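Colleague: Below you'll find the structure I mean.
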Amino acid sequence: MDILPDKSYVWQYIESCAREVCAKSGYGEIRLPTFEVTELFNRGVGGTTDIVQKEMYTFTDKDGRSMSLRPEGTAGVVRSIIENGLCMQAMPLKLYYISNFFRYEKPQAGRSREFFQFGCETFGSDSPLADAEVIFLAADLFRRLGVKSVELKLNSIGCGECRGDFREALKAYFSERKEGLCDTCKGRLETNPLRILDCKCPECKAIAADAPKTVDYLCDKCRDSFDTLQRILSASGLEYEVDPFIVRGLDYYTGTVFEFVSNIGAQSTVCGGGRYNTLVESLGGPALSGVGFGMGITRLIAAMEMDGVLPEDCSAPDIYIASACPEARERAYLLARALRGAGLKAESDLCERSLKAQMKYADKKKAAYSIVLGTDELEKGEATLKDMLRGGAYTVALDPADIKAKMCNEAE
Ligand code: ATP
Ligand code: MG
51 MDILPDKSYV
61 WQYIESCARE
71 VCAKSGYGEI
81 RLPTFEVTEL
91 FNRGVGGTTD
101 IVQKEMYTFT
111 DKDGRSMSLR
121 PEGTAGVVRS
131 IIENGLCMQA
141 MPLKLYYISN
151 FFRYEKPQAG
161 RSREFFQFGC
171 ETFGSDSPLA
181 DAEVIFLAAD
191 LFRRLGVKSV
201 ELKLNSIGCG
211 ECRGDFREAL
221 KAYFSERKEG
231 LCDTCKGRLE
241 TNPLRILDCK
251 CPECKAIAAD
261 APKTVDYLCD
271 KCRDSFDTLQ
281 RILSASGLEY
291 EVDPFIVRGL
301 DYYTGTVFEF
311 VSNIGAQSTV
321 CGGGRYNTLV
331 ESLGGPALSG
341 VGFGMGITRL
351 IAAMEMDGVL
361 PEDCSAPDIY
371 IASACPEARE
381 RAYLLARALR
391 GAGLKAESDL
401 CERSLKAQMK
411 YADKKKAAYS
421 IVLGTDELEK
431 GEATLKDMLR
441 GGAYTVALDP
451 ADIKAKMCNE
461 AE
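Numbering of the sequence shown is given in the working numbering, commencing with residue 51 and proceeding in unit increments.
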C-alpha cells in the first residue's frame, strides 16, 4: 500500500494520538516480525476461519518451512510474550502495536490486501474491568480524534463451558438447513459451527439470522462478567448496544466480543476485539487470559472524513528563501539552514532554477513567508520579508533571529 505525503500526515496524527492514549493507560509498544511460521496462525487464529482457509499469504522459505505474512496481530503478540518470558512478569501486561497486515481478500472500499491496524492487548486479568479497559482505550482514541459517528456493539460468546451446549444447538439448527449453506459452511458444520455465524455469504447470513444466540447459553460466570461490563460502560456514559450477531472472525475469542461500527460504507467495522482466555495456553504458554482489539486505520480515516475531523496539513514551510542570481544561491541555502536551526520550517532552491520557478514552487507549497536574495540584499545585509498569505512586506536583517522575530510579531 502506498501512503504519500499528501495523506501520510493524517496517519502520523492518528498514530501520535493512539500512542498518547496508550501511554496514559500504561500500554507499551510491541514491534514484531512481518511474517511468522504458518503454524502459528493455523493454531492461533484457527484452521476453520476465513483468514486461514482463504486469506493468508503463505510461502515456503529456503529451508522448506511454511511461512505466512501476518494476517492479524494477536497471535504474533502471544508468540512473542511466551518466547520472551513476558508472561512471567508483573500482571497485567499491557501492549499495543501499530502495524501492517496482509490478507488475500477481494480489494474494495475499506478492504485492501495490505492494511494497517492499531491494536491493544491486555493479559493476565479475568476481570470485566480489563474488558472495559480495552473498550475505553478505543473509545478514548475516537474521542481524542473527534470521531462521533462510531457505535459500540457488544456480545458475549461464552467460555468453553457455555460453548458445548451452544455448539450443539447451533449444529442442530444448521443441520436442518444444511442444503442452503455455502460449501465452506457445510464443512464447518462438523468442524466449527460457530464460524457459520460469521460467514459473509448472503445465503448463510440469511439462515444465521434466526440461529440460536450465544447470550441465551451463558454460564453464570460469563453472564456475571457480561453484566458487570455493561454496568461499568453505562456508569461511565459510554453508549452501547448488545448485538447477538457479533461473533468475530477469529477462533480465539471467548466471552466478551465487541465492534465499533460507523456508517462509512459496506465495510463498517472500524474496530473489532474481544476476550481470548485460552489462546496463550494453546500456543504453548501458561494459562493466561487476554483481551484486546484491532482497529483498521483506513476505516478510521474514512470515519474521520465523514465526521469532518481530518487534521489540517501542517507541512507548509514557514518561509522560503529564494535566490534571484547565482551568487545568492549558497547564501539563500545557508540562511534557510540557519532558520531551521532557529526552529522554523524553511526551504530554499536545490535545483538552480529561475526566480520565477522558485516562487512558483513556494506558492505551491503554500509557504507563509518568503525572502528573495539578490546582489543588493547581499551587499546591504538586508532583505524584504514578504507575507505570502496576507500580503505585507517588512525589512529584515539577514539574520535568523531578526527574521523569526518579525514573523512572530506579525503573527500576533
Ligand atoms: P471484516 O468483518 O471487516 O472482514 P474482520 O473480522 O476480518 O473484519 P479483524 O480481523 O477483527 O476484522 O480486524 C479488525 C479491524 O481491522 C477490522 O474491523 C477492520 O477495521 C480492519 N481490517 C480487517 N481486514 C481489513 C482489510 N482487508 N482491509 C482494511 N481493513 C481491514
Ligand atoms: Mg475479514
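Even for Gly, the Cβ is constructed at its ideal location relative to N, Cα and C.
Note that this is a predicted model, so its numbers are computed, not measured.
If you follow the beta strand (DSSP E) that Phe152 is in, where does it begin and where does it stop?
Modeller: Along the sequence shown, read from residue 1 onward, the residue named residue 152 stands at position 102. From DSSP, the beta strand (DSSP E) with Phe152 extends over 143-152.
Colleague: Report yes if the C-beta of Phe165 is less than 7 Å from at least one heavy atom of the ligand SAM; otherwise report no.
Modeller: The ligand SAM is absent from the structure shown, which contains only the ligand ATP and the ligand MG.
Colleague: Whole angstroms are fine: how far does the CA of Leu389 sit from the CA of Met457?
Modeller: Here the question's residue 457 lines up with position 407 in the sequence shown. Here the question's residue 389 lines up with position 339 in the sequence shown. So the alpha carbons of these two residues sit roughly 12 Å apart.
Colleague: Name the residue from Ala407, Pro252, Thr306, Ile282 whose alpha carbon lies nearest to the alpha carbon of Lys271.
Modeller: Position 221 of the sequence shown holds residue 271. When each option's Cα is compared against that of Lys271, the closest is Thr306.
Colleague: Less than 8 Å between C-beta atoms, sequence neighbours within five positions excluded: which residues of the same chain meet that for Leu405?
Modeller: On the sequence shown, position 355 is the one that residue 405 refers to. Here the set comprises Ala372, Ser373, Ala374, Val422.
Colleague: Which residues does DSSP pair with Lys456 in a beta bridge?
Modeller: For this step, residue 456 is matched to residue 406 along the sequence shown. None; Lys456 has no bridge partner.
Colleague: Kindly provide the ranges of any beta strand (DSSP E) runs that are 3 or more residues long and lie completely inside the segment 316-389, ordered along the chain.
Modeller: 319-325, 340-346, 369-373
Colleague: Per DSSP, what kind of secondary structure is Gly208 in: helix, strand or coil?
Modeller: Numbered from 1 along the sequence shown, position 158 holds the residue referred to as residue 208. In this structure, Gly208 counts as coil in the three-state DSSP scheme.
Colleague: Which value, in whole angstroms, describes the spacing of the CA atoms of Gln280 and Glu201?
Modeller: As a working note, residue 280 is residue 230 in the sequence shown. As a working note, residue 201 is residue 151 in the sequence shown. Rounded to the nearest angstrom, the two C-alpha atoms are 15 Å apart.
Colleague: Mind checking who Cys170 pairs with in its DSSP beta bridge?
Modeller: Here the question's residue 170 lines up with position 120 in the sequence shown. Cys170 pairs with Tyr146, Phe343.
Colleague: Which residues mark the beginning and the end of the alpha helix (DSSP H) in which Phe186 is found?
Modeller: Taking the sequence shown and counting its residues from 1, one reaches residue 186 at position 136. Its alpha helix (DSSP H) spans residues 178-195.
Colleague: Cβ atoms of Ile148 and Glu122: under 8 Å apart, would you say?
Modeller: Residue 122 sits at position 72 when you count from the first residue of the sequence shown. Residue 148 sits at position 98 when you count from the first residue of the sequence shown. Going by C-beta atoms, Glu122 is not nearer than 8 Å to Ile148.
Colleague: Quick check on the DSSP output: the alpha helix (DSSP H) that includes Asp270 runs from which residue to which?
Modeller: Residue mapping note: residue 270 aligns to position 220 of the sequence shown, counting from 1. Residues 270-285.
Colleague: Would you decide whether Asn150 is buried or exposed? Buried here means 16 or more other CB atoms lie within 10 Å of its CB.
Modeller: Position 100 of the sequence shown, counted from the start, is the residue given in the question as residue 150. By the 10 Å Cβ count, Asn150 comes out exposed.
Colleague: To the nearest angstrom, how far is the alpha carbon of Cys251 from that of Gly230?
Modeller: Within the sequence shown, numbered from 1, the residue matching residue 251 stands at position 201. Within the sequence shown, numbered from 1, the residue matching residue 230 stands at position 180. Their backbone Cα atoms lie some 11 Å apart in a straight line.
Colleague: For the ligand ATP, I want to know if Ser162 counts as a neighbour, meaning its beta carbon is within less than 7 Å of at least one of the ligand's heavy atoms.
Modeller: Locating residue 162 in the sequence shown gives position 112, counting from the first residue. Yes.
Colleague: Please state if the CB of Thr172 and the CB of Gly340 are separated by a distance shorter than 8 Å.
Modeller: On the sequence shown, residue 340 is found 290 positions in, with the first residue counted as 1. On the sequence shown, residue 172 is found 122 positions in, with the first residue counted as 1. In contact: Gly340 and Thr172 (Cβ atoms closer than 8 Å).
Colleague: Any idea what DSSP makes of Gln103, helix, strand or coil?
Modeller: For the purposes of this step, residue 103 is taken as residue 53 along the sequence shown, with counting starting at 1. DSSP places Gln103 in helix when its eight states are reduced to three.
Colleague: Closest by CA to Ala352, which one among Arg93, Ala396, Val197, Asn134?
Modeller: For this step, residue 352 is matched to residue 302 along the sequence shown. Closest option to Ala352, Cα to Cα, is Val197.
Colleague: Does any heavy atom of the ligand ATP sit closer than 7 Å to the C-beta of Glu122?
Modeller: Translated into positions along the sequence shown, residue 122 becomes position 72. Yes.
Colleague: Assign Cys72 to buried or exposed, taking buried as 16 or more other Cβ atoms, counted over all protein chains shown, within 10 Å of its Cβ.
Modeller: Counting from one through the sequence shown, the residue named residue 72 turns up at place 22. That one is buried.
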